[in-house]
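This report concerns only the one structure given below.
And the structure:
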């Protein structure tokens, strides 16, 4: 039995991307696509759905408000371009929260999480991806970095600088938004347009900055409310 997925998003390109990702996994299938929550409600009344990929910002009713109306919802993975809904979303007991643009690697991890959470009754098996390191491409090389060794990541023009324990630094041509997507299911949090921190290594924080040992990293004005909530709950 395949896992039946319903895709709900008002952006056709976002739907197409998810369809393409799902087509690469033979144990998932798309049973429907909808451009808004009202159409999704009709599908859920007539079709078996195991997993709902649900956009948050949509016309008429948001994905969060729609989920709250469902008495017996299927498992849900939120898909959105807005990070500020993460805290509220996880309070709704969702499987995962994917930031657009959704890479296949990140989608794959969400699929794996669904299969593990769904329990032993689901006989599908997927090999979990390694969680304790990340590869950073620097020129022709892929540098393997232990997650716990990373203190924070800084954006400098077209490059990122990965600051590690012991004063070790790695500079690579990378957009900070791209590395943010790769790290979003790990212990990292973007607190400024130029900084991503490792939550495991912070020693103190205020409403204005985060301390990692003797290093003070500012919290961006547009990030303050979200970051402060996440830090208090981490």
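Numbering (the working numbering), first residue to last: 1 to 234. Note that the Cβ used here is the ideal one computed from N, Cα and C, for glycine as well.
What would DSSP say about residue i, mapped onto helix, strand or coil?
i: residue 146; result: strand
i: residue 174; result: coil
i: residue 137; result: strand
i: residue 30; result: strand
i: residue 3; result: strand
i: residue 46; result: helix
i: residue 80; result: strand
Please list, in chain order, all residues of the same chain as residue i whose beta carbon is under 7 Å from its beta carbon, the five residues on each side excluded.
i: residue 84; result: 226
i: residue 76; result: 52, 54, 67, 94, 95
i: residue 144; result: 133, 135
i: residue 88; result: 64
On the DSSP bridge list, what partners appear for residue i?
i: residue 219; result: The partner list for residue 219 (beta bridge, DSSP) is empty, contrary to what the question assumes.
i: residue 237; result: Nothing can be reported for residue 237: it is not among the residues displayed for the chain, which extend from 1 to 234.
i: residue 155; result: 160
i: residue 202; result: According to DSSP, residue 202 bridges with nothing at all.
i: residue 229; result: DSSP, once it has assigned bridges, lists no residue as partnering residue 229.
i: residue 85; result: DSSP lists no partner for residue 85.
i: residue 211; result: 204, 216
Assuming residue i and residue j form a contact by the criterion Cβ under 8 Å, report the distance between their Cβ atoms to the nearest whole angstrom.
i: residue 181; j: residue 106; result: 6 Å
i: residue 147; j: residue 187; result: 7 Å
i: residue 109; j: residue 79; result: Not confirmed; about 14 Å, so no contact.
i: residue 22; j: residue 30; result: 6 Å
i: residue 160; j: residue 176; result: 6 Å
i: residue 204; j: residue 211; result: 4 Å
i: residue 7; j: residue 19; result: 7 Å
Residues in the same chain with beta-carbon distance under 6 Å from residue i, minus the five sequence neighbours each way, listed in chain order, please.
i: residue 50; result: 3, 4, 74
i: residue 228; result: 207
i: residue 183; result: none
To which residues of the same chain is residue i closer than 8 Å at the C-beta, ignoring the five residues directly before and after it?
i: residue 60; result: 36, 37, 38
i: residue 125; result: In this predicted model, residue 125 has a pLDDT of only 36, less than 50, meaning its place in the structure is not dependable; the value taken from the coordinates is given anyway. Closer than 8 Å at Cβ, skipping near neighbours: 115.
What do you get for residue i, buried or exposed, if any count of 16 or more other CB atoms within 10 angstroms of its CB means buried?
i: residue 139; result: exposed
i: residue 17; result: buried
i: residue 128; result: Only weak support is given to the placement of residue 128: the predicted model assigns it a pLDDT of 39, under 50, and the value that follows is read from those uncertain coordinates. Answer is exposed; the Cβ neighbour count stays below 16.
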